[in-house]
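Under my numbering, the first residue of the sequence shown carries the number 28, and numbering increases by one thereafter.
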Amino acid sequence: MSVPYGTAAYEPRESPESPEEHLARLLGRALNSFELPDETIRRLDRALAYDGSLHSAHHSAGLHRETYRHTWLLADGSALTLWELVHNTAPGSEPQHEVYVDEEELRTATGRLPLPADAPDFELPVLMQLSQVAETRHTYVPEGSADHARRLLRRAENPDRPGADIASLLAAAAAHQITQAFGRPCRAGRAGLCFSLYEHAFLLGDGREISLWEVEHTATPDGRHMCEVYATEDAARDAMERRAAQVP
Numbered sequence: 028m029s030v031p032y033g034t035a036a037y038e039p040r041e042s043p044e045s046p047e048e049h050l051a052r053l054l055g056r057a058l059n060s061f062e063l064p065d066e067t068i069r070r071l072d073r074a075l076a077y078d079g080s081l082h083s084a085h086h087s088a089g090l091h092r093e094t095y096r097h098t099w100l101l102a103d104g105s106a107l108t109l110w111e112l113v114h115n116t117a118p119g120s121e122p123q124h125e126v127y128v129d130e131e132e133l134r135t136a137t138g139r140l141p142l143p144a145d146a147p148d149f150e151l152p153v154l155m156q157l158s159q160v161a162e163t164r165h166t167y168v169p170e171g172s173a174d175h176a177r178r179l180l181r182r183a184e185n186p187d188r189p190g191a192d193i194a195s196l197l198a199a200a201a202a203h204q205i206t207q208a209f210g211r212p213c214r215a216g217r218a219g220l221c222f223s224l225y226e227h228a229f230l231l232g233d234g235r236e237i238s239l240w241e242v243e244h245t246a247t248p249d250g251r252h253m254c255e256v257y258a259t260e261d262a263a264r265d266a267m268e269r270r271a272a273q274v275p
């Protein structure tokens with residue numbers, strides 16, 4: 028789970044959303060959520076788990092549309108999926124969100140969008156092959172992702188942090204997700220020594236996923252919190268172990 032940073036100098040993190048909170052956010056932003064059957068909402072009210080992924084996308088001449096698959100695991104062991112359509116084809120180009128109970132309804136709604144005549148129907152452009160993005164590992168949030176990447180790299184204190192090439196790629200990040208990583212533990216030599224490892228996953232406009240790994244620790248001479256960022260999980264965990272071994 029996610030935990031807050033130890034000092035006010037860091038951005039606060041929120042705990043992962045529950046299945047009910049994911050549903051509430053989806054319904055809250057969808058313009059047509061009132062059209063969903065009451066039975067569907069009742070079934071989702073007691074969902075046990077949630078997973079979401081980008082299903083397809085199209086960008087052309089300043090217009091875009093993305094479709095997302097939102098799936099909930101229900102108490103009876105079955106799964107229920109809602110389909111979200113996001114596009115900027117309305118006047119003013121503000122993003123519009125719509126939600127549907129099956130793919131056929133989603134296809135019909137997508138077909139009504141005033142996209143160019145050659146806009147693919149659930150076919151990704153050459154740079155966004157379905158195999159690249161249909162099964163993303165993360166539930167992304169498309170809010171200030173490029174700025175988040177910039178701040179993350181700026182606060183990293185390790186000299187071997189990702190360089191300008193990664194920063195350039197992430198300047199066009201379309202969405203991101205932050206999660207606390209678990210797994211192989213790190214040794215801690217001094218009582219009160221604190222290590223936390225976070226994965227910052229970014230979704231690029233061409234469907235690629237890039238993760239940066241942030242180590243937050245107090246293995247410093249004065250016990251202050253320090254932030255380091257690495258390009259791989261292995262590099263981050265190795266750094267944690269090195270730092271811990273250096274502290275008596």
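The C-beta atom is built at its ideal place from N, Cα and C for all residues, glycine as well.
Residue i - containing beta strand (DSSP E), residue span
i, result
"residue 206", "200-207"
"residue 257", "253-257"
Residues of its chain near residue i, where Cβ-Cβ distance is below 6 Å and the 5 sequence neighbours each way are ignored
i, result
"residue 182", "254"
"residue 239", "227 and 256"
"residue 118", "none"
"residue 109", "97 and 126"
Any C-beta of chain D under 7 Å from that of residue i
i, result
"residue 101", "Here chain D cannot be found, since the structure has a single protein chain."
Helix, strand or coil at residue i according to DSSP, with G and I counted as helix
i, result
"residue 120", "coil"
"residue 223", "strand"
"residue 136", "helix"
"residue 159", "Its pLDDT being 37, under 50, residue 159 is placed unreliably by the model, and the measurement read from it follows with that caveat. Correct three-state label for residue 159: helix."
"residue 49", "helix"
"residue 228", "strand"
"residue 154", "Since pLDDT at residue 154 reaches only 34, below the 50 mark, its modelled position is unreliable, and the value read off the structure follows with that caveat. Coil, per DSSP."
Limits of the alpha helix (DSSP H) - the one that residue i falls within
i, result
"residue 180", "172-182"
"residue 196", "191-197"
"residue 264", "260-273"
Close Cβ partners of residue i (< 7 Å) along its chain, the five nearest in sequence each way excluded
i, result
"residue 249", "none"
"residue 270", "244 and 246"
"residue 150", "In this prediction, residue 150 has a pLDDT of 42, which is less than 50 and means its spatial position is unreliable; nothing more can be read from the coordinates."
- Message: Please give me, in chain order, every unbroken run of the alpha helix (DSSP H) with length at least 4 that falls completely inside the stretch 55-115.
- Response: Runs found: 65-71.
- Message: If contact is defined by three or more beta carbon pairs under 8 Å, each pair taking one atom from either stretch, is the stretch 126-146 in contact with the stretch 80-100?
- Response: yes
- Task: Taking 8 Å as the threshold, find out whether the stretch 201-208 comes into contact with the stretch 168-181 through three or more Cβ pairs.
- Result: yes
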